[in-house]
Structure formats: C-alpha cells, structure tokens
Amino acid sequence: MRKTPMALVFGLSLFLGGSLAAQTTYTYWCDAVNGNDTNGGTSPKTAFKSITHAVSVLRKGDTLYILPGVYSVSKTKEKFPIYVGAGPMNQDKVKIIAPYGPKVTILDMENKTYFSALRFRDLAKGAKISGLQIRNGTSVSWHCGIRLGSASGAQWAAIDVEVFDCMFVNLYNGIDVWSNGGGGCRIHDNLFLNNKGFGVVFVGTPGNKGVYIYNNTIVGAGKAAVYIWYDPNYGFIPDKAVIVNNIAYKGAASGFQSAVYSRIHMKPITFESNDAFGNNFNYKFSAGTPSASNLTVDPLFVDPSKGDWRLKTNSPLIEKGWIKDYSLYGTPDLYGNASLFDYNGDGFAQPDIGCHEVSDVLTTLSGKWAIGQTVTLNHKGPAGFMAIDFMSRTYPGMGLPLLGSFIPDPLRMLPFYLMGGSTAPQKIPLPNNPYLVGVPLYIQTIYTRVDLKVVKAGNLLFELF
Ligand SMILES: [Ca+2]
C-alpha cells in the first residue's frame, strides 16, 4: 500500500501525541557551549552546561542528550569521576547519548590525575552510553575513561551497562571492567586510539554475568588491546566472555601482554572472528590457541593518516564477523550506519570486523530537520533497487539474518511509505507541531531489489529535532 506524505505527517502527529500522554520518563539536554546548570534542562534551549550536573538529575529510564562541545573541569566544571548509579536515587536504564557523535562531543580529562571520567555503579543497571569521546587521561596504571565494576563490594557493581559508538583517546586504559557482583556489560562499536595501557581490560570473578566485547577497533594500545585477566590466586574466574569481531592494530604490546591476551583456558570464552595485525604479539593464551576465525591480516583502513578508521571496500574483514548471536547487532556502528549489512548481497547479512560496517547504500538528508520544514531524503543504492523509508523514536534493536540491523519495535515505528521502483529523492514535510521539538527520530532506509530477493537494511540515520 502506498501512503502519501500527508498520511505520514498525520501519523507522525498522532503517534507523538499518543506517546507523550503515556510518558513517564524525562528527556534532558546538556550543552557545553550555550547551556547553564541553573536551567531546567528539559529542552535544547534550556540545556544544562555540565554533564556532571545533568547526570545527577536523571532517574530511572530518563534520557540525557549531550550536544557537541568540549566538557571538562576547566570548561564546564565537571567533577571526575562522574558517577552514574551511585545513589541515592535509582538510575537504572538511563540513556546518555551524544547524538552528533564522538568526533564533536568530547569529555576531556585535561591530562590531570583523575581515576576515571565516568563510573557506572549498582543503581544504574542497564544504563547505556553512546556517542561520546573521552580523551587525555594520565599515565597512571588502571586509570581509565570509563570504569565498570570493582572488587570492593556490591555497591560498586556495574550490571548490564552498554557502552557503544564512543571513542577513547590518549588515556591509560580505555575501559576497565571488574565484574564482582555484576557483569553482563556490553562494550561495542567503539574506537580506541593511542591508549597507554589496555584498550579494554576485563577482570572476571566467580558468579558474574560475564562481559561482551565486540566490534571495537583498537589502535596503538601500549599493552594489550583486549586483556582478559584470569588469576586463580585472586579468584578471578570469568564465567563468560564473548570477545568477537574486534580489531587490534599496531599495538606496542611486549612480552606476555600481547595485542589480544588471555590467561584463561579457552573454554568459558567465546573468542571468534577478531583481527590482530601489526602488533608486537598478536595473540597469546595461557592455554589453547585461537580458532581459525581469528585473523591476522591488514584491515585496509581508508586513511589512518587522516584518522579515518573505516574499512576500504576491498577489506578482507568484510562479512567475516561472528554470526551466532544476532542480538549483538541492533544498534548503529560508530558511523551511524547499520551494524549488520549484507554487503555482498548473498541474502545473508553478516557483520564485518571492527567498528565500521561497510555498505553500498547511502541515505542522506538535506534541508533543515525542524518543525514546519520540508526535508529531502536522498537515496543511493545499487541499480534496480528501490528504497523504503522507516522512522522510529528509538534506537533500532534487532539484527536479522536475512535483512541486517532493523528497527524492530512496531509501537515505536512511525508509518512508512514505499517510494516505488526507484531510489529517487523523497520529500518529507515535517508537521509544525511544537511537541516535536526535542523528540529524536531515527530514519532507516531499506533497499530492496524489485523482485524482493535481495534486501539490504542499511543507513540508520540518527537525526534530531
Ligand atoms: Ca556486513
């Protein structure tokens, strides 16, 4: 059924009106440039200034959008570490999102001796953070960008926290994960550059829920890119670790601290489809050897000299990722595109290795994405493909073998319309509805061959306002 743009607009208004009536959580904004901590924080124009203050007002299920800028002690009066879930109020399932991404949204530790920039604790179960760059830490061992968990008691546990689409630059460790009393944290689609210690270090303990470390690109780590610490003398025994699809590139690891290192027997660990290349030592295990799915090949980055860590279209890492758990691929890659995309068009979407998923379709948006404006969606796909556009109010959340990353939640999906047998530009008039201001919307375009035999769900565009 073809729906006209007017039907879309009507549906948009209806949908947003209905959802606002049922809203029980709040959305806050933080703006290093124009914000003020004496503001109410509930719109972009009344944004807070510091992340520290903005995080302190979050309650269970709330969302915080961090707008572009440099956040630091000197610029926005941050207080490190910024605690999430330290109490007294419950901050489970809060979402901390920098929608414009980590190149322009920066939490700067200014080379001072703070233990970490952010720390998630036991009252932030299921919290998510994405799109932020954390940079310029110290040379002190175990200092890090984000700390998850501890060996010091349950109140320090990090549980089911998700860190994705972030950058960790010039720190000691990127992320420290200790799993006492917690675990289940997911660290994926992040880019780690030139950290002096580890990219991600995981210290497991009995009874924990393990850790998922996947689709990260870790460049120039001074020690291991991914380090799984097992020491029976200390009781550090990871129950579960899923370490897949990571790139460890040109690390300076020496001796036992190889690029991807584990002192554990292979059995509790799923260790598949990683690529360690150009490190002093690429793989090292205390027992066993990595399976053949783990590669040692040049990833063929687009242009490292210009900081472009995407994969070239002839990279040997395309369609080589681990495919046994499609639930890992429901969020965008570091660059905002689908993290699961059927590049070779064989009807079977397979993830690439690293934080970039190579795609041959492209949806771009021109015009001003604001109420009362008309925007144009421009489509670029293979010859003979048509484009179908979806909108959603949330992150996509599902990876489907035959399709790729997909917006799954029908209650949050806005009406869509078929463009017909082409990939021509599509104009979308946005309603002049004040309730739309501050509401984040996703657009996803699905490209399909006219005979529907090949479908590529790509180009998750994360747009706002
Ligand atoms: Ca792919």
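Counting in our numbering, the sequence shown runs from 58 upward without gaps. Using N, Cα and C, we set each Cβ at its ideal position, and we do this for glycine too. Just so it is clear, the structure is predicted and the values come from calculations on it, not from any experiment.
- Message: Determine whether the beta carbon atoms of Gly-461 and Phe-398 lie at a separation below 8 Å.
- Response: Taking the first residue of the sequence shown as position 1, residue 461 is located at position 404. Taking the first residue of the sequence shown as position 1, residue 398 is located at position 341. It is a contact, given that the beta carbons lie within the stated cut-off.
- Item | Neighbourhood of Asp-355 by C-beta, 7 Å cutoff - its chain only, sequence neighbours within 5 removed | For this step, residue 355 is matched to residue 298 along the sequence shown. Excluding positions up to five away in sequence, the list reads Phe-334.
- Item | Limits of the unbroken beta strand (DSSP E) element including Ile-285 | If you number the sequence shown from 1, residue 285 lands on position 228. Segment 283 to 286, the beta strand (DSSP E) holding Ile-285.
- Distance between beta carbons of Pro-408 and Asn-302, contact taken as under 8 Å: As a working mapping, residue 302 is identified with position 245 in the sequence shown. As a working mapping, residue 408 is identified with position 351 in the sequence shown. Yes, Asn-302 and Pro-408 are in contact; Cβ-Cβ is about 6 Å, under 8 Å.
- Within the same chain, show all residues whose beta-carbon is closer than 7 Å to that of Gly-441, passing over the 5 residues directly before and after it, in chain order. In the sequence shown, the residue the question calls residue 441 occupies position 384. Excluding sequence neighbours, Gly-441 sits near Arg-506, Val-507.
- Cβ pair Ile-186, Ile-153 closer than 8 Å: The residue you call residue 186 lines up with position 129 of the sequence shown. The residue you call residue 153 lines up with position 96 of the sequence shown. In this structure, Ile-153 lies closer than 8 Å to Ile-186 by Cβ.
- Excluding five sequence neighbours on each side, which residues of the same chain lie with their C-beta closer than 6 Å to the C-beta of Leu-205? As a working note, residue 205 is residue 148 in the sequence shown. Phe-177, Ala-215, Val-218, Val-234, Cys-242.
- Query: What are the boundary residues of the alpha helix (DSSP H) that Thr-109 is part of?
  - Reply: Translated into positions along the sequence shown, residue 109 becomes position 52. Thr-109 -> alpha helix (DSSP H) spans 108 to 114.
- Message: Does Trp-199 pass the burial test, meaning 16 or more other C-beta atoms within 10 Å, or should it be called exposed?
- Response: In the sequence shown, residue 199 corresponds to position 142, counting from 1. Classification of Trp-199: exposed, given that the 10 Å Cβ count is below 16.
- Are the region 158 to 171 and the region 370 to 386 touching, with three or more C-beta to C-beta distances below 8 Å? no
- Query: Along the chain, which unbroken stretches of the alpha helix (DSSP H) at least 4 residues long are found entirely within the region 114 to 146?
  - Reply: 130 to 133
- Who does Pro-389 pair with in a DSSP beta bridge? On the sequence shown, position 332 is the one that residue 389 refers to. In the DSSP output, where bridge partners are listed per residue, Pro-389 has Ala-395.
- Under the three-state reduction of DSSP, which class applies to Ala-208: helix, strand or coil? As a first step, residue 208 is located in the sequence shown; it is residue number 151 there, counting from the start. Three-state DSSP puts Ala-208 in coil, outside helix and strand.
- Cβ of Leu-487 within 8 Å of Cβ of Ile-445? The residue you call residue 487 lines up with position 430 of the sequence shown. The residue you call residue 445 lines up with position 388 of the sequence shown. No.
- Taking only the alpha-carbon atoms, compute the straight-line gap between Asn-339 and Asn-272 and give it to the nearest angstrom. If you number the sequence shown from 1, residue 339 lands on position 282. If you number the sequence shown from 1, residue 272 lands on position 215. The straight-line gap from Cα to Cα measures roughly 17 Å.
- Among Arg-116, Ala-143, Thr-99, which has the Cα closest to the Cα of Tyr-122? Against the sequence shown, residue 122 aligns to sequence position 65. It is Thr-99 whose Cα lies nearest to the Cα of Tyr-122.
- Could you tell me the boundaries of the beta strand (DSSP E) in which Asn-230 lies? Along the sequence shown, read from residue 1 onward, the residue named residue 230 stands at position 173. That run of the beta strand (DSSP E) goes 230 to 235.
- Straight-line gap, Ile-410 to Ser-131 (C-alpha atoms, nearest Å): What you label residue 410 is simply residue 353 of the sequence shown in a count that begins at 1. What you label residue 131 is simply residue 74 of the sequence shown in a count that begins at 1. The straight-line gap from Cα to Cα measures roughly 38 Å.
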